[in-house]
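Asks:
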Amino acid sequence: MADEQDVDEVVRAFHAHGRALIEGDTDALEDLLDEGFTLAHMSGYVQPKQEWLAQMRAGQFDYHSVDEKSVDVEVRGDAARLAGRTITDATVYGMRAPWHLQLAFDYARVDGQWLALRAVGTSW
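If you're matching positions, the sequence shown starts at -6 in our numbering and goes up one per residue.
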């Protein structure tokens, strides 16, 4: 059974990720995401961390707000899976929309910090 503190820490990492998106803080995202992080978009494209962050810096992904609807975390040792639903107001490649995202994040505890290893986004 997971320690509630572990669950809380994973949720805090997820919330920090959302804040960094809204603030366009790619430096914070660098620290929150494992070097091998990938993001699987709704299109099915699996994007490496550095490519995604470069596109954020270029303004191709602009996040305006993240409205969290649900979040559930399962922790097993130094690994965690977070499942969440958000309505994310974002401009993606010039098209602004409220994206209904079902998100699955895999996390690992590395040197006491929960880092996102990968995220998969689908619609709901």
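Built from N, CA and C at the ideal position, the CB exists for glycine as well. Quick caveat: nothing in here was measured; it's all calculated off a predicted structure.
Note down, one range per segment and in chain order, each beta strand (DSSP E) of at least 3 residues found wholly within the region 37 to 99.
Replies: If we require 3 residues or more, the beta strand (DSSP E) runs fully inside the region 37 to 99 come out as 39 to 41, 54 to 69 and 72 to 85.
Asks: Just the C-alpha distance for Ala97 and Gly77, rounded to the nearest angstrom, thanks.
Replies: Spanning the two alpha carbons is a distance of roughly 7 Å.
Asks: Once DSSP output is grouped into helix, strand and coil, what is the label at Gly105?
Replies: Three-state DSSP puts Gly105 in coil, outside helix and strand.
Asks: What residues are listed by DSSP as bridge partners for Arg111?
Replies: Per DSSP, Thr31 and Asp99.
Asks: Assuming Arg81 contacts Trp92 (C-beta within less than 8 Å), just tell me the rounded distance between them.
Replies: First, the amino acid is wrong: residue 81 is Thr here, not Arg. Going by Cβ atoms, the distance from Thr81 to Trp92 rounds to 5 Å, so yes, they are a contact pair.
Asks: What first and last residue would you give for the alpha helix (DSSP H) that runs through Gly11?
Replies: Note, Gly11: alpha helix (DSSP H), Glu(-3) to Glu16.
Asks: Tell me the rounded alpha-carbon separation between Ala90 and Ser58.
Replies: Cα-Cα distance, rounded: 11 Å.
Asks: Mark Ala73 as exposed unless 16 or more other C-beta atoms lie within 10 angstroms of its C-beta, in which case mark it buried.
Replies: It counts as buried.
Asks: Count the C-beta pairs between the region 41 to 48 and the region 23 to 31 that are closer than 8 Å, then say yes if the count reaches three, no if not.
Replies: At 8 Å Cβ cutoff, the stretches touch.
Asks: Relative to the C-alpha of Asp27, which residue among Asp99, Trp117, Gly114 and Thr115 is closest?
Replies: Closest by alpha carbon: Asp99.
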